[in-house]
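Student:
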Amino acid sequence: MTVRKLHEKRGWAFNIAVPIIKPTLLATTRRAWIGGENIPESGGFIIALNHISHVDPLMAAHLVYDHGYKPRYLAKSGLFDNLALGFFLRAAGQIPVKRETKDAVGAYAAAVDAVRSGQCVVIYPEATITRDPDMWPMKGKSGAARIALETGCPVIPVGQWGAHEILAPYTKNPHLVPRHRVTMRVGPPVPLDDLRAKERTIAVVNEATERIMTAITHELELVRGEKAPSERYDMAVHGDRFKKKKAG
Numbered sequence: 001m002t003v004r005k006l007h008e009k010r011g012w013a014f015n016i017a018v019p020i021i022k023p024t025l026l027a028t029t030r031r032a033w034i035g036g037e038n039i040p041e042s043g044g045f046i047i048a049l050n051h052i053s054h055v056d057p058l059m060a061a062h063l064v065y066d067h068g069y070k071p072r073y074l075a076k077s078g079l080f081d082n083l084a085l086g087f088f089l090r091a092a093g094q095i096p097v098k099r100e101t102k103d104a105v106g107a108y109a110a111a112v113d114a115v116r117s118g119q120c121v122v123i124y125p126e127a128t129i130t131r132d133p134d135m136w137p138m139k140g141k142s143g144a145a146r147i148a149l150e151t152g153c154p155v156i157p158v159g160q161w162g163a164h165e166i167l168a169p170y171t172k173n174p175h176l177v178p179r180h181r182v183t184m185r186v187g188p189p190v191p192l193d194d195l196r197a198k199e200r201t202i203a204v205v206n207e208a209t210e211r212i213m214t215a216i217t218h219e220l221e222l223v224r225g226e227k228a229p230s231e232r233y234d235m236a237v238h239g240d241r242f243k244k245k246k247a248g
């Protein structure tokens with residue numbers, strides 16, 4: 001694994017976070033970064049991953065930071081309600097998202113601006129931890145596709161596995177011993193050039209979204225050595241099997 005130098009100054013928020021979080025992750029996990037050469041060495045782009053644990057953002061940040069970028073997330077707006085945490089997250093360049101509201105447009109614009117200014121935006125297209133019983137990627141939402149079609153930036157798919165063994169979905173007690181292996185397999189950019197030349201219809205955005213989810217799933221299949229189901233889990237159809245845990 002080759003670790004690249006950071007492209008930009010860390011800033012005070014990352015100067016605080018990195019010396020705390022990175023040694024902790026090094027001490028408590030075993031990591032395998034595969035295909036890191038597919039992460040661009042310059043220019044803005046999107047990293048799109050499957051979502052299996054609340055630990056995922058820390059591991060993805062580690063991957064992105066190791067390859068020379070400060071990660072920017074589209075984060076739930078509730079995290080910014082705490083004044084101290086909100087101040088820190090904004091200083092770190094994170095983008096608050098109020099889902100299903102008109103303010104979500106502002107988050108989209110901020111993500112577009114970040115990509116255009118040469119930054120890395122990390123997106124979980126499922127928008128939540130997978131509800132698939134075997135933890136395969138679910139049906140994706142369109143945010144990553146719309147940003148990519150608007151900016152022309154690469155979408156880099158990542159299939160990741162292992163973080164759920166550290167912290168299972170919607171549980172509070174992490175399992176740090178023995179150290180669990182977290183594998184992140186980075187694939188080549190998702191082919192979207194033909195779609196960028198077309199009118200931005202719902203059908204085109206949906207096709208781009210499906211291509212992104214297919215690419216993520218393919219990388220995860222290679223990590224797990226298994227074949228994903230032919231039909232993707234859809235919460236609108238199959239429901240939310242974690243609803244009780246979330247409420248608790």
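Take UniProt numbering: the last position of the sequence shown gets the number 248, and nothing is skipped along the way.
Backbone N, C-alpha and C define an ideal beta-carbon position, used for all residues, glycine too.
Nearest by alpha-carbon distance to residue 172: which of 55, 217, 160, 114 is it?
Tutor: The residue you call residue 172 lines up with position 172 of the sequence shown. The shortest Cα separation from residue 172 among 55, 217, 160, 114 belongs to 55.
Student: Give me the residue from 177, 157, 136 with the minimum Cα distance to residue 165.
Tutor: Taking the first residue of the sequence shown as 1, we reach residue 165 at position 165. Here the closest residue by C-alpha is 177.
Student: If you count every other CB in all the chains shown that lies within 10 Å of the CB of residue 78, and 16 or more means buried, which is it?
Tutor: For this step, residue 78 is matched to residue 78 along the sequence shown. So residue 78 ends up on the exposed side.
Student: To the nearest angstrom, how far is it from the Cα of residue 195 to the Cα of residue 71?
Tutor: As a position in the sequence shown, residue 195 is number 195, starting the count at 1. As a position in the sequence shown, residue 71 is number 71, starting the count at 1. Straight-line Cα distance between these residues: approximately 26 Å.
Student: So, helix, strand or coil for residue 135, using DSSP?
Tutor: Within the sequence shown, residue 135 is the residue found at index 135, counting from 1. Residue 135 falls in the coil class under three-state DSSP.
Student: Tell me the DSSP secondary structure of residue 20 in three-state form.
Tutor: Indexing the sequence shown from 1 puts residue 20 at position 20. Helix, per DSSP.
Student: Might you give, ordered along the chain, the residues of its own chain that have their beta carbon closer than 6 Å to the beta carbon of residue 122, omitting 5 neighbours on each side?
Tutor: Here the question's residue 122 lines up with position 122 in the sequence shown. The residues are 47, 60, 71, 73.
Student: Output the boundary residues of the alpha helix (DSSP H) element that contains residue 220.
Tutor: Here the question's residue 220 lines up with position 220 in the sequence shown. Its alpha helix (DSSP H) spans residues 202-224.
Student: Measuring alpha carbon to alpha carbon, tell me which of 14, 5, 212 ends up nearest residue 141.
Tutor: For the purposes of this step, residue 141 is taken as residue 141 along the sequence shown, with counting starting at 1. Nearest C-alpha to residue 141: 212.
Student: Between which two residues does the alpha helix (DSSP H) containing residue 34 stretch?
Tutor: Reading the sequence shown from its first residue, position 34 is the one you call residue 34. No alpha helix (DSSP H) contains residue 34, which is instead part of the beta strand (DSSP E) from 29-34.
Student: So what's residue 26 in DSSP terms, helix, strand or just coil?
Tutor: Residue 26 sits at position 26 when you count from the first residue of the sequence shown. Residue 26 falls in the helix class under three-state DSSP.
Student: Shortest alpha-carbon distance to residue 184 belongs to which of 203, 192, 159?
Tutor: For this step, residue 184 is matched to residue 184 along the sequence shown. Nearest option by C-alpha distance: 159.
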